[in-house]
Amino acid sequence: MKPILSGCKEPLSLSPHSGVILERLCALPLQKASFLGSSSGDSSPGLSEDIFTSLSSTGSIPDLNVRRTPSLKTEREQAVSDEARDEDPEEDVSEFSSPASLPSISLLSPKAMETAGQIIRFAAEQQDKAKMALRLRQEMQEKLVAEVAEVASEQLKRFEEFMELKQRQEFQSMRDMLNRETKESIGRQEKLKEEQRHRLKV
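Numbered by the working numbering, the letters in the sequence shown go through residues 1 to 202 in order.
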């Protein structure tokens with residue numbers, strides 16, 4: 001009696017093979033459903049049950065479980081990759097909306113092509129008009145610069161002539177003043193000589 005009670009008092013623990021057993025037990029309903037689904041089109045449900053029972057009795061189910069385990073891992077990895085793709089939808093959008101993946105063939109109607117041609121011609125005409133306006137503006141600026149330079153040259157020429165005339169006038173006035181002073185001095189000297197002669201006579 002005591003050994004039985006002592007065994008009941010021992011702590012409960014799972015064996016190392018419990019994980020494998022649980023995986024196989026979880027995989028059994030999936031395998032059963034797959035077998036039933038595959039055999040439903042060809043045979044009756046009772047026949048599929050018999051096949052499943054015979055497979056379970058012959059011991060082939062563990063082998064199927066072993067084969068099923070990598071497929072479960074693959075399904076889990078696929079689920080993880082799908083979740084990561086759902087979390088980052090920009091990558092999918094960039095993959096599907098990249099310009100390289102899109103076809104370069106443009107199907108336009110004749111009216112659309114005519115409209116596009118008119119737009120291109122209008123843009124070319126506007127560009128030509130802009131070039132012409134720019135050329136005219138440059139020509140006007142060059143002409144204005146030439147006129148300003150000519151006016152400045154004319155004014156400089158007039159200024160030089162005015163300065164030359166002023167110098168001549170100043171020189172002439174100085175010469176006249178010297179001549180006048182010279183005549184006055186000569187007149188004073190002659191007057192002094194006459195006074196001296198008159199005194200000598202007296």
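The C-beta atom is built at its ideal place from N, Cα and C for all residues, glycine as well.
Let's test the definition: count the other Cβ atoms within 10 Å of the Cβ of residue i and tell me whether it reaches 16, buried, or not, exposed.
| i | result |
| --- | --- |
| R68 | With a pLDDT of 46 at R68, under the threshold of 50, the predicted position of this residue should be treated as unreliable, though the coordinate-derived value follows. Counting Cβ neighbours within 10 Å, R68 comes out buried, since at least 16 surround it. |
| D92 | Only weak support is given to the placement of D92: the predicted model assigns it a pLDDT of 46, under 50, and the value that follows is read from those uncertain coordinates. It is exposed - the Cβ of D92 has fewer than 16 other Cβ atoms within 10 Å. |
| L102 | Residue confidence is low: L102 scores 45 on pLDDT, short of 50, so the model does not pin down where it sits. No coordinate-derived value is stated. |
Check whether the Cβ of residue i lies closer than 7 Å to any heavy atom of the ligand SAH, and answer yes or no.
| i | result |
| --- | --- |
| D176 | With respect to the ligand SAH, the structure offers nothing, as it holds no ligand at all. |
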